[in-house]
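Asker: Under this note's numbering, think of the first position of the sequence shown as 1, with each following residue one higher.
Take this structure, written in structure tokens, and hold onto it; I'll ask about it next.
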Amino acid sequence: MGGPWLLGETYLTVHIWCKGFNPWKAEVSSTMIWVQLPELPIEFINKEAVVRIAKAIGNPIRVDRATELGARGKFARVCVEVDLTQPLLFHNTKSRDSLT
1 MGGPWLLGET YLTVHIWCKG FNPWKAEVSS TMIWVQLPEL PIEFINKEAV VRIAKAIGNP
61 IRVDRATELG ARGKFARVCV EVDLTQPLLF HNTKSRDSLT
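What follows is the structure, given as structure tokens:
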């Protein structure tokens, strides 16, 4: 379905309509976010490595096209579904050895 989209300073996500859906009682337990991975060594700027790194954050949904093509070089971007019932991970430092 695409997204999430940023409207002002608020995320907007769209889900497929479910029979019996009540917007007043709906609970949001997960959302998709775009994560930027800065200063990656060049050998990690590929789809397989980025997906592996993203799994430490949540459920990888997709890697952006520029990252897949290696077009940026300085950072990678990946869309990750995160569990909102758990604390969000804002910063994580892993060694190169733990990613290979």
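Glycine included, every Cβ here is placed at the ideal spot set by N, Cα and C.
Answer yes or no: do residue 61 and residue 32 have a C-beta to C-beta separation smaller than 9 angstroms?
Answerer: yes
Asker: Please classify residue 14 as buried or exposed, where buried requires at least 16 other C-beta atoms within 10 Å of its C-beta.
Answerer: exposed
Asker: To the nearest angstrom, report how far apart residue 68 and residue 47 are at their CA atoms.
Answerer: 5 angstroms
Asker: Just list the beta strand (DSSP E) runs in the region 51 to 92, keeping only unbroken ones of 3 residues or longer that don't cross its boundaries, in chain order.
Answerer: 59 to 63, 75 to 83
Asker: Have a look at residue 44 and residue 50 and give me their C-alpha separation to the nearest angstrom.
Answerer: One C-alpha to the other measures close to 7 angstroms.
Asker: Looking at residue 42 and residue 73, is the spacing between their C-beta atoms short of 9 angstroms?
Answerer: yes
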